[in-house]
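Protein chains in written order, with UniProt numbering: chain B, 1 to 77; chain P, 1 to 77; chain A, 1 to 77; chain R, 1 to 77; chain G, 1 to 77; chain E, 1 to 77; chain L, 1 to 77; chain H, 1 to 77. Have a look at the structure below, then the notes.
Number of protein chains: 8
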Amino acid sequence: MVQAYILIQTEVGKASTVAEVIAKIPGVIQAEDVTGPYDVIVRAQADTVDDLGRMVVAKVQQVEGITRTLTCPVVHL
Amino acid sequence: MVQAYILIQTEVGKASTVAEVIAKIPGVIQAEDVTGPYDVIVRAQADTVDDLGRMVVAKVQQVEGITRTLTCPVVHL
Amino acid sequence: MVQAYILIQTEVGKASTVAEVIAKIPGVIQAEDVTGPYDVIVRAQADTVDDLGRMVVAKVQQVEGITRTLTCPVVHL
Amino acid sequence: MVQAYILIQTEVGKASTVAEVIAKIPGVIQAEDVTGPYDVIVRAQADTVDDLGRMVVAKVQQVEGITRTLTCPVVHL
Amino acid sequence: MVQAYILIQTEVGKASTVAEVIAKIPGVIQAEDVTGPYDVIVRAQADTVDDLGRMVVAKVQQVEGITRTLTCPVVHL
Amino acid sequence: MVQAYILIQTEVGKASTVAEVIAKIPGVIQAEDVTGPYDVIVRAQADTVDDLGRMVVAKVQQVEGITRTLTCPVVHL
Amino acid sequence: MVQAYILIQTEVGKASTVAEVIAKIPGVIQAEDVTGPYDVIVRAQADTVDDLGRMVVAKVQQVEGITRTLTCPVVHL
Amino acid sequence: MVQAYILIQTEVGKASTVAEVIAKIPGVIQAEDVTGPYDVIVRAQADTVDDLGRMVVAKVQQVEGITRTLTCPVVHL
Chain B
1 MVQAYILIQT EVGKASTVAE VIAKIPGVIQ AEDVTGPYDV IVRAQADTVD
51 DLGRMVVAKV QQVEGITRTL TCPVVHL
Chain P
1 MVQAYILIQT EVGKASTVAE VIAKIPGVIQ AEDVTGPYDV IVRAQADTVD
51 DLGRMVVAKV QQVEGITRTL TCPVVHL
Chain A
1 MVQAYILIQT EVGKASTVAE VIAKIPGVIQ AEDVTGPYDV IVRAQADTVD
51 DLGRMVVAKV QQVEGITRTL TCPVVHL
Chain R
1 MVQAYILIQT EVGKASTVAE VIAKIPGVIQ AEDVTGPYDV IVRAQADTVD
51 DLGRMVVAKV QQVEGITRTL TCPVVHL
Chain G
1 MVQAYILIQT EVGKASTVAE VIAKIPGVIQ AEDVTGPYDV IVRAQADTVD
51 DLGRMVVAKV QQVEGITRTL TCPVVHL
Chain E
1 MVQAYILIQT EVGKASTVAE VIAKIPGVIQ AEDVTGPYDV IVRAQADTVD
51 DLGRMVVAKV QQVEGITRTL TCPVVHL
Chain L
1 MVQAYILIQT EVGKASTVAE VIAKIPGVIQ AEDVTGPYDV IVRAQADTVD
51 DLGRMVVAKV QQVEGITRTL TCPVVHL
Chain H
1 MVQAYILIQT EVGKASTVAE VIAKIPGVIQ AEDVTGPYDV IVRAQADTVD
51 DLGRMVVAKV QQVEGITRTL TCPVVHL
């Protein structure tokens, strides 16, 4: 199982809607609005890094109003 | 009361208009054009961090010509 | 109550130790190692934005091996 | 007269002291701690851009604990 | 002969298609999807720096869905 | 007299045209295509910082294909 | 098997030595000097994301002269 | 012949000295202090990209007080 934070930038004025929609995607644990260089921070999980990449591209990035996503896989050192 | 600087990037050619419009938003203390990686720097205040977030999303980011805002809350250490 | 993500960059080779030490700071809910532009992502909470700022400066940033922290307060829009 | 915002990054744990020291430099109007990618935001003024550059290098950057400064001159468009 | 890595950001949801299309451009050795601040990393070669620049502008950047490219020429020190 | 470098990012595929058009703007001394995080680097001059800001907003940023400009005034320390 | 690009920033003047040393680390396929915002680009592989993270922290980041590493796992979408 | 801009960040308080020293390096055409995210902008030339890379690493980066250099080769599209 791979977990990751996804740091998201949205179009201006879209942060709230983006977080609500992402929160309903299977594999997403939490999606919250934040201030600072990112607008939404998401916690998600998938079986493999490839599955995670596919979830981001096929599900998260399809959400209307997202301009950039930055996936940070959690590692257990 | 929470105060914050909002660092704003605008579409090319829109900095001047953006600053003028933002200056009239309630809660905005000052809005000025600058050179460098940001185009407009705004000083604003609200009752809470959540109110500040809502002001940025519901008022500031609705201004035509803004591409990114970066909210930096002032903290008293 | 204010919650926040703290995105942390560490000196090379220090990520694992930094996460372990931060995880024990009161107010810190979770601290994990990640890959990408940040090395550790922390979830924390405090009573006010000022308290949060003080926790970051007085507790988190005192941890040996941290080079930059980026605090992103959660907002409820 | 040229005015500018100076966005400052400090060594971890030094933001508060840096703001206090900078606030006393002649030409500095205000110096505040903030959260986000910058640690201190300063408002300053000088007679010319060259004077402003000299103030930043000779006075502001001499303050113990500063790692980067980003000067954003205010422009009247 | 000049070789280079080209770090590419794509529109959300376009990374996979972009990598496939770029992989077929003459002079491109490899094009792969990655996670993090870039979406696709390309390895390419050309006769001179000018030829490399022309390839990036005339071929790579014409691919639908690319928003930014960052060319990093390999140097032999 | 104020001189400045203007670091420009363009839409993909537009760097060459942007440099050609900017080179003809009064006050622009040189405009060249580069590789790396910027696409065009311009050298310009104006009577004051305000005039420089106006030239960037009113002339340079009006050129079709520019997405971001970063003005770096030259200072004589 | 997980593959990744590791984008590395080095202390000034250390790029060449860093690339040579990293090239000998088991799991590293290639390490080259580049110009631009990064100084060395490495291609590496490991069994899992966790193994990759450990290799970066325990082997790559131990190399004298590295200031930042940015790991970009390859994903097959 | 390859020409390039070298965008330089210096330790705080060192910009002026760095520019003076770099201006005397063979192959350097001009070195000036600027405000903004960079502290010194250099114009240089060399016979090849590899020579340029060597000049930056062996000469420019040896100058006391430099923390980062970003080389942007000029391309003729």
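Glycine included, each C-beta is placed from N, C-alpha and C at the ideal position.
To be precise: take each residue of the stretch 11 to 45 of chain R, compare its Cβ to all Cβ atoms of chain A, and keep it if any distance is under 8 Å. Which residues remain?
V12, G13, A15, S16, D33, T35, G36 and P37
Taking I6 of chain G as part of the beta strand (DSSP E), name the residues at either end of that continuous run.
V2 to T10
Closer than 7 Å by C-beta to K59 of chain R: which residues in its own chain qualify, once you throw out the five before and the five after it? Chain order, please.
I25
Cβ of V74 of chain E less than 8 Å from any chain F Cβ?
The structure shown has no chain F; the protein chains it does contain are B, P, A, R, G, E, L and H.
Using the beta-carbon of each residue, which ones in chain R are nearer than 9 Å to L52 of chain P?
Those within 9 Å of L52 of chain P in chain R number zero; the least Cβ separation is about 12 Å.
Please state whether DSSP places I41 of chain R in a helix, a strand or coil.
strand
Contact set for T71 of chain H: own chain, Cβ-Cβ below 6 Å, skip 5 residues either direction
A4, I6 and V56
Would you report the Cα separation of I22 of chain E and Q61 of chain H, rounded to the nearest angstrom?
32 Å
Which of the three DSSP states is assigned to E64 of chain R in this structure?
coil
Does D33 of chain R come out as helix, strand or coil in the three-state DSSP assignment?
strand
Taking 8 Å as the threshold (C-beta atoms), are T67 of chain A and Q9 of chain A in contact?
yes
Length of the line joining the Cα atoms of M1 of chain L and Q45 of chain L:
7 Å
From the DSSP output, in three-state form, read off L77 of chain B for me.
coil
Proximity of T17 of chain G and G65 of chain G at Cβ, strictly below 8 Å:
yes
With 16 other Cβ atoms within 10 Å as the buried cut-off, status of I41 of chain P:
buried
Under the three-state DSSP convention, the category A23 of chain R falls into:
coil
Can you check whether the CB of D33 of chain E is closer than 8 Å to the CB of L52 of chain H?
no
Output the distance between the C-alpha atoms of P74 of chain E and P37 of chain E, rounded to the nearest integer angstrom.
Sequence check: residue 74 of chain E is Val here, not Pro. Using only the alpha carbons, I get a separation of about 20 Å.
Is the CB-CB distance between residue 124 of chain G and A15 of chain G below 8 Å?
The structure shown does not extend to residue 124 of chain G, since chain G spans only 1 to 77, so no value can be given for it.
Please report the distance separating the alpha-carbon of I29 of chain R from that of Q30 of chain A.
39 Å
CB-CB under 7 Å to V63 of chain B, same chain, minus the five flanking residues each way: which ones, in chain order?
V18, V21 and I22
For V57 of chain E, would you say it is in contact with chain P, using Cβ-to-Cβ distances shorter than 8 Å as the test?
yes
Check the Cβ-Cβ distances between Q3 of chain H and every residue of chain L, and say whether any is below 8 Å.
no
Please report the straight-line C-alpha distance between R54 of chain G and G13 of chain E, rounded to a whole angstrom.
10 Å
Using a Cβ cut-off of 8 Å, pull out every chain P residue sitting near L7 of chain A, in sequence order please.
The premise fails here: L7 of chain A is roughly 14 Å from chain P at the closest Cβ pair, so nothing lies under 8 Å.
Going along chain G, which residues have a C-beta under 7 Å from L77 of chain H?
G53, R54 and V57
DSSP bridge partner residues for L52 of chain P (one or two, in chain order):
DSSP lists no partner for L52 of chain P.
Given that T67 of chain B touches chain G, what residues does it touch there, using C-beta distances under 8 Å?
V12
What are the partner residues of T71 of chain L, as DSSP defines its beta bridges?
L:I6
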